[in-house]
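J.: Basically our numbering = 1-based index in the sequence shown + 376.
Just so it is clear, CB atoms sit at the ideal spot from N, CA and C, and this is done for glycine as well.
Structure below; questions to follow.
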Amino acid sequence: MPSSTTRLRVTTPRSTTPTSPTRTVTASSDRPPATVATLHRSSPKPSAPVEPRPMFDLSSVVEPPETNALLRRERSAQITAELLVADGGQQNAELRRRLVLLHLDAAESVARHYGRRGQDHQDLVQVARLGLVEASVRYDPALGSFLGFALPTMMGVIRRHFRDRAWSVKPPRCIQENAASIARAREDLTQELLRWPTVSELATHLSLTEDEVRAARQVDGCFQASSLDAPVGQRAESLGESLSEVEARYDLVETSLTLQPAYRQLSERDRRLVYLRFYSELSQREIATEFGVSQMQISRWLVRVLRSLREYLGEDEMSPLAS
């Protein structure tokens, strides 16, 4: 049986604007006619805007450092106990930051222990604090004291800094390792022998050769090169001026290079004569014995050879060759 349709007329309220034409909605008789309330309920409601959750600023966490070891240990134990029951997230990060701030003085003490090795103290303090932050990230409260975990971490970070970045001229890795072993062995043997150990004693203790010990001791502590412009003592001269020395034979280099072509044009006997007189510095008597002639003959030959050299070089009688 065909379904009958009914016509529903919906009119809009009058307003000052021109009225819109009448709309006719055709609806099936199987469903109830739509009303204004039904149309209103079916329209979606706009969702309320979600306010972003404010981020927690860790820089606002304050924990003054403690120089007293006993008080610092008590405060550290209290923070560790809170960290054990922390629910993670923001509270966990806040407690770990408090641990770092509490132990800043401990990082400075570790940096002071590695002082006097050619590195600036403030640089070592920054490296030690980086190790402190690294320790706070990896720290497990179930392990016990935080300082007992952080000290080896900070010392290891500083040792890696010296090994990888502190050398002005980086020596081979084996020499670096020998230098570190020798430094530890020197302290142990000094306490045992009540004196400074010798090179042979260090070599025997470490199963190294004496040459290896000497090579390692040469680079021990040389992490920063000395400036050649640095003044030496109370004198006005610099380190570079005290190390420099004028070579007395530099002037002979130019003379030798100038004489080479003139020397090659001499005969074999004359070259031998020049070699014995001016290089081997033999006397005329010894040269005469070498050639089997008289000393007067050697003197004439030398005058002739020197004149030949001066003519080749275009020099006058006052040439230094006459000497």
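Would you identify the three-state DSSP class for SER347, choosing helix, strand or coil?
T.: Since the first residue of the chain shown is 377 and the last is 699, residue 347 is not available in this structure.
J.: Can you give the beta carbon distance from THR634 to LEU678, rounded, assuming they're within the 8 Å contact cut?
T.: Taking a contact as a CB-CB distance under 8 Å, the pair THR634 and LEU678 does not count as one, their CB atoms being some 19 Å apart.
J.: By how many angstroms is the C-alpha of VAL595 removed from the C-alpha of ALA555?
T.: 7 Å
J.: Following the continuous alpha helix (DSSP H) through ALA579, name the residue where it begins and the one where it ends.
T.: 575-582
J.: Looking only at its own chain, which residues have a Cβ that is under 6 Å from the Cβ of PRO517, when we skip the five neighbours before and after it?
T.: THR456, LEU459, LEU460
J.: If I'm right that THR580 touches TRP572 with Cβ under 8 Å, what's the distance once you round it to whole angstroms?
T.: 15 Å between Cβ atoms; not a contact.
J.: Compare the C-alpha of PHE522 against each of TYR490, ARG474, GLU568 and name the closest.
T.: Of the candidates TYR490, ARG474, GLU568, the one whose C-alpha sits nearest the C-alpha of PHE522 is ARG474.
J.: Hey, how far is the Cα of ASP587 from the Cα of VAL486?
T.: 33 Å
J.: Quick check on DSSP: helix, strand or coil for SER614?
T.: Reduced to three states, the DSSP call for SER614 is strand.
J.: Could you name the residues of the same chain whose beta carbon sits closer than 6 Å to that of SER684, not counting the 5 residues immediately before and after it, in chain order?
T.: Around SER684, the same chain offers no residue with a beta carbon nearer than 6 Å, after the five sequence neighbours per side are excluded.
J.: Could you have a look at PRO548 and say whether DSSP puts it in helix, strand or coil?
T.: coil
J.: Taking THR631 as part of the alpha helix (DSSP H), name the residues at either end of that continuous run.
T.: 626-640 is the extent of the alpha helix (DSSP H) around THR631.
J.: Would you list the residues sitting across from PRO607 in a DSSP beta bridge?
T.: SER614
J.: Skipping 5 residues on each side, what residues in its chain have a beta carbon closer than 7 Å to that of SER576?
T.: GLU586
J.: Let me check understanding here. Comparing Cα to Cα, which of SER632, GLU666, THR631 lies closest to ARG648?
T.: For the set SER632, GLU666, THR631, the Cα lying nearest the Cα of ARG648 is the one of GLU666.
J.: Should GLN498 go down as buried or exposed, given a rule of 16 or more other Cβ atoms within 10 Å for buried?
T.: exposed
J.: Using the Cβ count rule (16 or more neighbours within 10 Å means buried), how would you classify GLN636?
T.: Residue burial is scored here from C-beta neighbours: GLN636 has fewer than 16 other C-beta atoms within 10 angstroms and is therefore classed as exposed.
J.: Measure how close the beta-carbons of LEU500 and GLY491 come, nearest whole angstrom, since I'm counting them as under 8 Å.
T.: 7 Å
J.: Roughly how many whole angstroms lie between the Cα atoms of LEU615 and ASP627?
T.: Answer to the nearest angstrom: the Cα atoms are 25 Å apart.
J.: Among the residues of its own chain, which have a CB less than 7 Å from the CB of PHE525, if the five just before and after it don't count?
T.: ALA511, TYR515, LEU519
J.: Over the uninterrupted alpha helix (DSSP H) stretch that includes ARG645, give me the two end residues.
T.: 644-650
J.: Which class does ARG492 belong to by DSSP, given the choice of helix, strand or coil?
T.: coil
J.: Please determine, among ALA453, PHE538, ARG653, the residue with the shortest C-alpha to C-alpha distance to ARG472.
T.: Considering only alpha carbons, the answer is ALA453.
J.: Do LEU480 and ARG449 have their C-beta atoms within less than 8 Å of each other?
T.: no
J.: Run the CB neighbour count on GLN495, radius 10 Å, all protein chains shown included, and call it buried at 16 or more, exposed below.
T.: buried
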